[in-house]
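Colleague: Take this structure first; my questions come after.
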Amino acid sequence: MRRKRVDASLWILLGLTVVLAAVAFWTDRQLPLRGLGASARLFRSVWIELLLGFVVAGLVDVLVPSQVLVRWLGGEAPTRGILVGWVV
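Start counting the sequence shown at 752; every next residue gets the next number (this note's numbering).
In structure tokens, the structure reads:
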């Protein structure tokens, strides 16, 4: 079984979460729970958009050939890549 490599951004996000949770707990023991409650409210307000965005991304991944994506988003035309990413 091949093991997936964890990228640096995940470690940075994990470290930031742990540090902020520790600061919140040190400030007031109820703050981490209130933070989780605020996160749950935010997730409830945007979950359908997140789900649809992931579905669209998966469909684009299987429907659009990789050569076309490279041509649209390649390094030769960075402005076009930004525009395509913004529109899609």
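Just so it is clear, CB atoms sit at the ideal spot from N, CA and C, and this is done for glycine as well.
Going by CA-CA distance only, name the one from V757, K755, R756, G786 that's closest to V769.
Modeller: Ranking V757, K755, R756, G786 by Cα distance to V769 puts G786 first.
Colleague: Can you tell me the Cα-Cα spacing of R795 and L802, whole angstroms?
Modeller: R795 and L802: Cα-Cα distance of roughly 12 Å.
Colleague: Please classify P783: does DSSP put it in a helix, a strand, or coil?
Modeller: Helix at P783.
Colleague: Once DSSP output is grouped into helix, strand and coil, what is the label at D840?
Modeller: The first residue shown for the chain is 752 and the last is 839, placing residue 840 beyond what the model contains.
Colleague: Where does the unbroken alpha helix (DSSP H) through R822 begin, and where does it stop?
Modeller: Looking at the DSSP string, the run of the alpha helix (DSSP H) that includes R822 is 817-824.
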